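Q:
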Amino acid sequence: MAVIQTNKSAMLYSEANQYTPGGVHTSIRNVDPHLIFTTADGAYIYDADGNRYIDYQAAFGPFVLGHRHPYVTEKVIEAIQRTDLFGVGTTDLEIRLSEKICRHVPSADMVLFCNSGSEATYHAIRLSRAVTGRRKLIKFQGCYHGWHDYVARNMLSAPDMIGKRDPGSAGMMDEAVDNTLVCTFNDLDDVEQTFKANPGEIAALIVEPIQHNIGCVLPQPGFLQGLRELCTQYGALLIFDEVITGFRHDIGGFQKVAGITPDLTTMGKAMANGFPIAAVAGKQSLMERFNTKPGGDVWFAGTYNGHAVGTAASIATLEMMERHNVHEYIFRLGERMRQGIRDIHQRLGIKAYVAGFGSVWTTYFLENEPRNYTDLMQNDAELYVAYRRKLLERGIFKLPMNIKRNHISFSHTEEDIDYTLQCIEDVLKELKESRG
Ligand SMILES: Cc1ncc(COP(=O)(O)O)c(C=O)c1O
Numbered sequence: 007m008a009v010i011q012t013n014k015s016a017m018l019y020s021e022a023n024q025y026t027p028g029g030v031h032t033s034i035r036n037v038d039p040h041l042i043f044t045t046a047d048g049a050y051i052y053d054a055d056g057n058r059y060i061d062y063q064a065a066f067g068p069f070v071l072g073h074r075h076p077y078v079t080e081k082v083i084e085a086i087q088r089t090d091l092f093g094v095g096t097t098d099l100e101i102r103l104s105e106k107i108c109r110h111v112p113s114a115d116m117v118l119f120c121n122s123g124s125e126a127t128y129h130a131i132r133l134s135r136a137v138t139g140r141r142k143l144i145k146f147q148g149c150y151h152g153w154h155d156y157v158a159r160n161m162l163s164a165p166d167m168i169g170k171r172d173p174g175s176a177g178m179m180d181e182a183v184d185n186t187l188v189c190t191f192n193d194l195d196d197v198e199q200t201f202k203a204n205p206g207e208i209a210a211l212i213v214e215p216i217q218h219n220i221g222c223v224l225p226q227p228g229f230l231q232g233l234r235e236l237c238t239q240y241g242a243l244l245i246f247d248e249v250i251t252g253f254r255h256d257i258g259g260f261q262k263v264a265g266i267t268p269d270l271t272t273m274g275k276a277m278a279n280g281f282p283i284a285a286v287a288g289k290q291s292l293m294e295r296f297n298t299k300p301g302g303d304v305w306f307a308g309t310y311n312g313h314a315v316g317t318a319a320s321i322a323t324l325e326m327m328e329r330h331n332v333h334e335y336i337f338r339l340g341e342r343m344r345q346g347i348r349d350i351h352q353r354l355g356i357k358a359y360v361a362g363f364g365s366v367w368t369t370y371f372l373e374n375e376p377r378n379y380t381d382l383m384q385n386d387a388e389l390y391v392a393y394r395r396k397l398l399e400r401g402i403f404k405l406p407m408n409i410k411r412n413h414i415s416f417s418h419t420e421e422d423i424d425y426t427l428q429c430i431e432d433v434l435k436e437l438k439e440s441r442g
């Protein structure tokens with residue numbers, strides 16, 4: 007078994023704890039082992055002790071091209087040698103990026119930029135309430151849409167809290183928690199009953215079109231179409247939260263793949279290959295309610311909105327997708343990975359389900375395709391994390407945490423996939439032997 011040196015990471019982690027609660031700046035980053043990464047390059051990341059890992063965590067998904075992609079870096083440097091932020095009017099970079107997004111994303115007649123996915127979902131929901139004059143929101147158990155009070159409930163709920171009142175944080179406003187209703191993914195009857203039980207009260211339904219925050223739970227045929235129809239029927243806005251799926255699965259988002267057009271779309275992550283920018287987009291009649299247009303009555307603001315770094319990075323990322331077969335390549339490698347893992351399972355007689363779409367995959371240790379968060383309670387969480395820890399010891403970085411997804415980028419090579427498959431086979435053999 008491989009053993010990695012982590013002394014320098016441990017020292018830095020201990021120092022970080024002196025200044026920062028838990029030593030990390032996002033709660034989900036506090037994972038064991040506490041590796042501190044210092045260098046990133048394409049498909050690889052290096053920790054403070056010099057260990058190299060093939061990175062499939064991809065910082066939760068932004069790196070669709072790979073870390074420090076040369077073209078994106080070049081365009082960002084070019085931009086910041088000329089410009090930064092003015093806080094008045096617009097910029098050539100904002101206009102160029104807006105044009106691209108409106109051209110590629112089916113639901114985007116108009117777009118506005120902000121800095122994080124949480125801001126984008128907040129704006130989309132507040133706009134929905136303003137437009138409909140209604141208060142309630144529907145989300146799905148297991149979906150994550152950011153940290154704010156409107157949506158931070160029923161995310162990774164404990165088994166006994168599934169579907170129940172499960173706020174994600176102390177200090178949340180009761181009114182916000184109680185006006186967010188929770189449904190079961192892939193269950194259109196549940197959604198319809200919820201609309202019926204709250205007549206004229208639901209402003210919007212927000213959904214990750216693929217449940218990537220719990221790995222990869224796919225919408226069953228007809229589910230997204232059914233949501234579209236129910237929202238239209240009951241006068242609610244349909245919000246696709248494409249913060250993960252947007253640009254990773256298609257330059258037009260998963261809505262383009264699925265052929266379903268929501269009223270509003272939120273985007274982030276892969277939009278700028280790791281640089282901070284996010285967006286909310288939608289129909290012109292809705293977007294013009296934002297007070298960026300004189301007379302608009304829905305507040306939209308942010309000191310750093312449209313900063314040159316994020317906009318230049320996003321233009322460069324989308325240009326890469328326009329000019330190269332980025333998706334074809336990462337989808338091919340994704341399929342090779344999934345098939346390779348299935349073959350290994352068959353060879354070793356392991357019962358597991360390899361889920362995925364395009365460049366994203368995960369192996370659940372359960373027998374059948376999961377259709378919702380409840381189904382994932384069958385996953386062997388202990389094995390799931392042990393498997394990831396053992397891969398980490400071999401230089402494969404997947405977040406050692408239950409029901410997390412993995413990402414392939416344009417920088418990963420066939421050799422990376424082959425090496426990963428070899429490690430997966432070795433690790434599964436080892437785990438099989440040790441667990442009898
Ligand atoms: C689907 C989805 N929406 C929204 C967010 C929030 O984005 P951010 O962390 O940039 O605020 C995330 C973050 O993981 C996400 O996965």
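Quick note on my numbering: the sequence shown kicks off at 7 and runs consecutively. Note that CB positions come from ideal geometry on N, CA and C, so glycine has one too. Predicted model only: the values in this text are computed from it and were never measured.
Would DSSP call Lys145 helix, strand or coil?
A: As a working mapping, residue 145 is identified with position 139 in the sequence shown. It is a strand residue.
Q: Is it the case that the CB of Ala284 approaches a heavy atom of ligand 1 more closely than 7 Å?
A: Numbered from 1 along the sequence shown, position 278 holds the residue referred to as residue 284. At least one heavy atom of ligand 1 is nearer than 7 Å to the Cβ of Ala284, so yes.
Q: Consult DSSP for Ile51 and reduce its assignment to one of helix, strand or coil.
A: Mapped onto the sequence shown, residue 51 falls at position 45. Strand.
Q: Residue range of the alpha helix (DSSP H) that Ala209 falls in?
A: Taking the sequence shown and counting its residues from 1, the one referred to as residue 209 is at position 203. Segment Ile208 to Val213 is the beta strand (DSSP E) holding Ala209; no alpha helix (DSSP H) there.
Q: Give the straight-line distance between the Cα atoms of Ser440 and Tyr359, rounded to the nearest whole angstrom.
A: Translated into the one-based positions of the sequence shown, residue 440 becomes position 434. Translated into the one-based positions of the sequence shown, residue 359 becomes position 353. Their Cα atoms are separated by approximately 21 Å.
Q: Between the Cα of Tyr50 and those of Leu434, Lys438 and Ile423, spot the shortest distance and give me the residue it belongs to.
A: Start at 1 with the first residue of the sequence shown, and residue 50 comes out as number 44. Among Leu434, Lys438 and Ile423, the Cα nearest to that of Tyr50 belongs to Ile423.
Q: Taking the runs of the alpha helix (DSSP H) that are 4 residues or longer, which of them lie wholly in the stretch 54 to 84?
A: Listed in chain order, nothing qualifies, since the stretch 54 to 84 has no complete alpha helix (DSSP H) run of 4 or more residues.
Q: Here's the rule I'm using: 16 or more other beta-carbon atoms within 10 Å means buried, otherwise exposed. How should Tyr25 be labelled?
A: Residue numbering aside, residue 25 sits at position 19 when the sequence shown is read from its first letter. Classification for Tyr25: exposed.
Q: Confirm the yes/no value for this check: CB of Gly301, any heavy atom of ligand 1, distance under 7 Å.
A: On the sequence shown, position 295 is the one that residue 301 refers to. Incorrect: Gly301 has no Cβ contact closer than 7 Å to ligand 1.
Q: Whose C-beta lies closer than 8 Å to the C-beta of Glu84 among residues of the same chain, with five residues either side of it excluded?
A: Indexing the sequence shown from 1 puts residue 84 at position 78. Here the set comprises Ala318.
Q: Determine the burial state of Met7: buried for a count of at least 16 other Cβ atoms within 10 Å of its Cβ, exposed for fewer.
A: Mapped onto the sequence shown, residue 7 falls at position 1. Note that Met7 has pLDDT 48, beneath the 50 cutoff, so the model's placement of it is unreliable and no number is given.
Q: Under 7 Å from any heavy atom of ligand 1, does the C-beta of Asn219 make it?
A: For the purposes of this step, residue 219 is taken as residue 213 along the sequence shown, with counting starting at 1. It does: the Cβ of Asn219 is within 7 Å (strictly closer) of some heavy atom of ligand 1.
Q: Answer yes or no: the CB of Phe66 versus the heavy atoms of ligand 1, is any distance below 7 Å?
A: The sequence position of residue 66 within the sequence shown is 60, counting from 1. It does: the Cβ of Phe66 is within 7 Å (strictly closer) of some heavy atom of ligand 1.
Q: Using a Cβ-Cβ cut-off of 7 Å (strictly less than) and excluding sequence neighbours within five positions of Ile107, which residues of its own chain qualify?
A: Translated into the one-based positions of the sequence shown, residue 107 becomes position 101. Closer than 7 Å at Cβ, skipping near neighbours: Ala114, Val117, Ala285 and Ala287.
Q: Going by the C-beta, is Tyr150 closer than 7 Å to any heavy atom of ligand 1?
A: Stepping through the sequence shown from its first residue, residue 150 is reached at position 144. Within the cutoff, so yes.
Q: Under 8 Å between the Cβ atoms of Arg377 and Gln199?
A: By one-based count along the sequence shown, residue 377 stands at place 371. By one-based count along the sequence shown, residue 199 stands at place 193. No.
Q: Could you tell me how far apart the beta carbons of Leu236 and Leu270 are, in whole angstroms, since I believe they sit closer than 8 Å?
A: Stepping through the sequence shown from its first residue, residue 236 is reached at position 230. Stepping through the sequence shown from its first residue, residue 270 is reached at position 264. With a Cβ gap of about 16 Å, Leu236 and Leu270 do not count as contacting.
Q: Given this structure, state the Cα-to-Cα distance separating Thr89 from Phe371, to the nearest angstrom.
A: Within the sequence shown, residue 89 is the residue found at index 83, counting from 1. Within the sequence shown, residue 371 is the residue found at index 365, counting from 1. Spanning the two alpha carbons is a distance of roughly 50 Å.
Q: Tell me, please, which residues DSSP counts as bridged to Arg394.
A: For this step, residue 394 is matched to residue 388 along the sequence shown. Answer is none; Arg394 lacks a bridge partner.
Q: I need the straight-line Cα distance from His330 to Phe66, nearest angstrom please.
A: Within the sequence shown, residue 330 is the residue found at index 324, counting from 1. Within the sequence shown, residue 66 is the residue found at index 60, counting from 1. If you take the alpha carbons of His330 and Phe66, they lie about 23 Å apart.
Q: Would you tell me roughly how many angstroms separate the C-alpha atoms of His110 and Asp256, rounded to the nearest one?
A: Working through the sequence shown from its first residue, we reach residue 110 at position 104. Working through the sequence shown from its first residue, we reach residue 256 at position 250. So the alpha carbons of these two residues sit roughly 9 Å apart.
Q: Could you spell out the range, first to last residue, of the beta strand (DSSP E) harbouring Tyr25?
A: As a working mapping, residue 25 is identified with position 19 in the sequence shown. Segment Asn13 to Tyr25 is the alpha helix (DSSP H) holding Tyr25; no beta strand (DSSP E) there.
Q: By Cβ distance below 6 Å, which residues in the same chain neighbour Asp456 in space, the five residues on each side in sequence not counted?
A: As displayed, the chain neither begins before 7 nor continues past 442, which places residue 456 out of reach and without an answer.
Q: State whether the stretch 332 to 345 contacts the stretch 139 to 153, with contact taken as three or more CB pairs (one from each stretch) at a distance under 8 Å.
A: The answer is no - the stretch 139 to 153 does not touch the stretch 332 to 345, with fewer than three Cβ pairs under 8 Å.
Q: Please look up how many angstroms separate the CB atoms of Asn36 and Gly28, rounded, as I've assumed it's under 8 Å.
A: Locating residue 36 in the sequence shown gives position 30, where the first residue counts as 1. Locating residue 28 in the sequence shown gives position 22, where the first residue counts as 1. About 5 Å; that satisfies the 8 Å criterion.
Q: Distance check for Ala209 and Tyr240, CA to CA, integer angstroms please.
A: Sequence index remark: in the sequence shown, residue 240 carries index 234 (1-based). Sequence index remark: in the sequence shown, residue 209 carries index 203 (1-based). Approximately 9 Å, taken between the alpha carbons.
Q: Within the chosen definition, does the stretch 339 to 348 reach the stretch 411 to 429 through at least 3 CB pairs nearer than 8 Å?
A: They touch, by the three-pair rule.
Q: Can we count Ser124 as close to ligand 1, meaning its CB is less than 7 Å from some heavy atom?
A: Stepping through the sequence shown from its first residue, residue 124 is reached at position 118. Within the cutoff, so yes.
Q: Inspect the beta-carbon positions of Ile350 and Ile430 and report whether they are closer than 8 Å.
A: Taking the first residue of the sequence shown as position 1, residue 350 is located at position 344. Taking the first residue of the sequence shown as position 1, residue 430 is located at position 424. Yes, the Cβ-Cβ distance between Ile350 and Ile430 is below 8 Å.
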